[in-house]
Amino acid sequence: MLPLLRQLSVREQASLFASHPPHGLRHRMLTACAWQDSRLTVTEARNERIDTELARHYERVSRAIAWSG
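Letter 46 of the sequence shown, counting from 1, is numbered 45 in numbering that gives the first Met the number 0, and no numbers are missing.
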């Protein structure tokens with residue numbers, strides 16, 4: 000069933016105005032490439048520092064979304 004849906008998405012979701020390729024085409028591109036290990040790893044400490052740095056922005060955006068509805 001899933002391969003048929005991917006094939007259908009390639010046909011029906013393709014558009015010059017789309018910001019991303021259809022799901023079926025994404026799947027084809029990903030399965031055509033060989034697996035590669037990541038070149039970059041983020042430590043837990045670094046991840047926490049990034050989250051702390053972005054926390055105020057998350058709060059600001061959350062408030063903006065809550066008040067826009």
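Even glycine gets a Cβ: it sits at the ideal position worked out from N, Cα and C. Since the model is a prediction, treat every value here as computed from it, not as a measurement.
Counting C-beta atoms within 10 angstroms of its own C-beta, P2 has fewer than 16 neighbours from the protein chains shown and is therefore classed as exposed. The beta carbons of G23 and L7 sit closer together than 9 angstroms. Between H19 and R25, the C-beta gap is smaller than 9 angstroms, which places the two residues in contact. Rounded to the nearest angstrom, the Cβ distance from P21 to A31 is 15 angstroms, too far for a contact under 8 angstroms.
Where W34 is concerned, there is no enclosing alpha helix (DSSP H), because DSSP gives it neither an H nor an E.
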